[in-house]
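Shown next, in structure tokens, is the structure this report addresses.
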Amino acid sequence: MSTREHHSEQKGEGNPRYVTWSFILFVLVFGFVVYYFSEIKKEFTLLEEVKPIWLIVAILAQLSTYIFTAAIYRLLLTPYKLLHGPRLGRLTRASVISLFFNQTMPSAGISGNTFFLNFLLRFGMNVSDIICLIITELLIFYTAMELFILMLLFSCLLFVQLSGVFTATLIGGFVVYLLFGFAVVLSGRGKVIYSLIERLGRIKILRSFALRIKNRFSSQLAGATEIKPLIFIRENLLLVFRSFVLQLCLVIADAFTIYALFTGLGISVSPFSITLCYMCTKIISILPFLPGALILYESSMSYFFVAAGVPVASAIIVTLLYRLLSYWLPMPVGFLLYKKWSNLSK
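Residues in the sequence shown are numbered consecutively from 1, following the working numbering.
See the structure below:
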């Protein structure tokens, strides 16, 4: 650790604002655990029913989603040629923290993206470049979702006879992601990100975090020039394509986690049905951004599995296990990583 980082760490530990923020985060996580304790305990008990080898496969598949996320950002950072840019390991930890913010503090993804903005500014990047990178990553994500939706939609219409709820959900998801993509392209200005941070500050528990970013980078954010992500994409087509492939791998890894859990429990479900139910659940989960979305995610995933022909009990068990691996276990890890990162950034 450098002298500067060591001094910053000592300073951070005694900073009242840092202590207050850490305490608030701890109380929030503790409250979540207490409120959902019976559910979490039940999910840990269910883990004993999964064959060890498939449980390990499921855990590795879930861990790979963070590595894929980090690899995508690492690729998109390549054109900027940073002298001391973040390595894959740091980006992986940052992706866990970003998930922690998005999951714990519902704000339609604003909190997670704001963290990445603050994270990348530490490496000397221009704020306009960071905004361009974030917008490009979002466009790649939306495009990957659209591709999966189209493939599943055509399969449902031409080859597989399933409930109309799947077709309706996929069509609705296609429209929503398309609108999100247009909105992201049209909002490619620094003042939009500045506005997002203003909105972030209205969330009580995020007020201190947003104020710190606003005070430190206000002039850069307010003065950011128009961002043109489409030009960046056109000038780096091969790099963007590789990032797109990684995004597809990320979705596949998430769906494969569910497949491994089904297989580990001795339940036979086709990869197509798993991918279909997973995508429909993601579509439903992007609409609300309130704490109730937690229950909505679990109930909608169970519903889609049952609609696809999976027994009710099996659908509920796998849904709970998947949420344990993708939500409950990463939460304390994200909290600890953020605490360490916040300490060093003081």
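The C-beta atom is built at its ideal place from N, Cα and C for all residues, glycine as well. This one's a predicted model, so the numbers in the text were calculated from it and none came from an experiment.
Per DSSP, Met125 is not a residue of any alpha helix (DSSP H), being assigned neither H nor E.
Leaving aside the five residues that flank Gly85 on each side, the residues in its chain whose CB is nearer than 6 Å to its CB run, in chain order, Leu77, Phe123. Cβ neighbours of Pro271 within its own chain (closer than 7 Å, five residues either side excluded): Tyr259.
Linking Leu152 to Tyr297 through their CA atoms gives a straight-line distance of about 20 Å.
One alpha carbon belongs to Leu265, the other to Glu49, and they sit about 6 Å apart. Just measuring C-alpha positions, the residue of Leu121, Phe100, Pro79, Lys51 sitting nearest Lys339 is Phe100. Here Ala183 is actually not in contact with Gln247; their C-beta atoms are around 19 Å apart, not less than 8 Å.
For Ala315, the enclosing alpha helix (DSSP H) stretches over residues 312 to 323.
For Leu325, the closest alpha carbon among the candidates Thr257, Val251, Ser299, Leu276 is that of Thr257. Residue burial is scored here from C-beta neighbours: Ala307 has at least 16 other C-beta atoms within 10 angstroms and is therefore classed as buried.
For Glu235, the enclosing alpha helix (DSSP H) has its first and last residue at 229 to 235. Rounded to the nearest whole angstrom, the C-alpha separation of Ile274 and Thr319 is 11 Å.
An exposed status is given to Ala168, since fewer than 16 other beta-carbon atoms sit within 10 Å of its beta-carbon.
DSSP places Lys282 inside the alpha helix (DSSP H), whose first and last residues are 271 to 285. For the 8 Å CB-CB criterion, Ala58 and Ala253 do not form a contact. Of the residues Glu146, Val96, Thr114, the one whose Cα lies closest to the Cα of Cys280 is Glu146.
Between Ile135 and Pro229, the beta carbon gap of about 4 Å places them in contact (Cβ cut-off 8 Å). Within the segment 138 to 173, there are no complete alpha helix (DSSP H) runs of at least 4 residues. In this structure, Gly334 places its C-beta atom within 8 Å of the C-beta atom of Val96.
In the DSSP annotation of this structure, the continuous segment of the alpha helix (DSSP H) that includes Tyr73 starts and ends at 52 to 77.
Arg87 and Gly309 have their C-alpha atoms roughly 44 Å apart.
In the structure shown, Ala308 falls within a coil segment according to DSSP collapsed to helix, strand and coil. In terms of Cβ geometry, Tyr322 and Leu238 do not form a close pair [threshold 8 Å]. The C-beta distance from Ser243 to Ile67 rounds to 14 Å, too long to meet the 8 Å contact threshold. Short of 7 Å from the beta carbon of Leu91, and not among the five residues preceding or following it, lie these beta carbons of its own chain, in chain order: Ala70, Tyr73, Arg74. The Cβ atoms of Phe305 and Cys277 sit closer than 8 Å to each other. Comparing alpha carbon positions, the residue from Leu83, Gly89, Arg93, Ile56 closest to Met331 is Arg93. Between Ile286 and Ser302, the beta carbon gap of about 18 Å keeps them out of contact (Cβ cut-off 8 Å).
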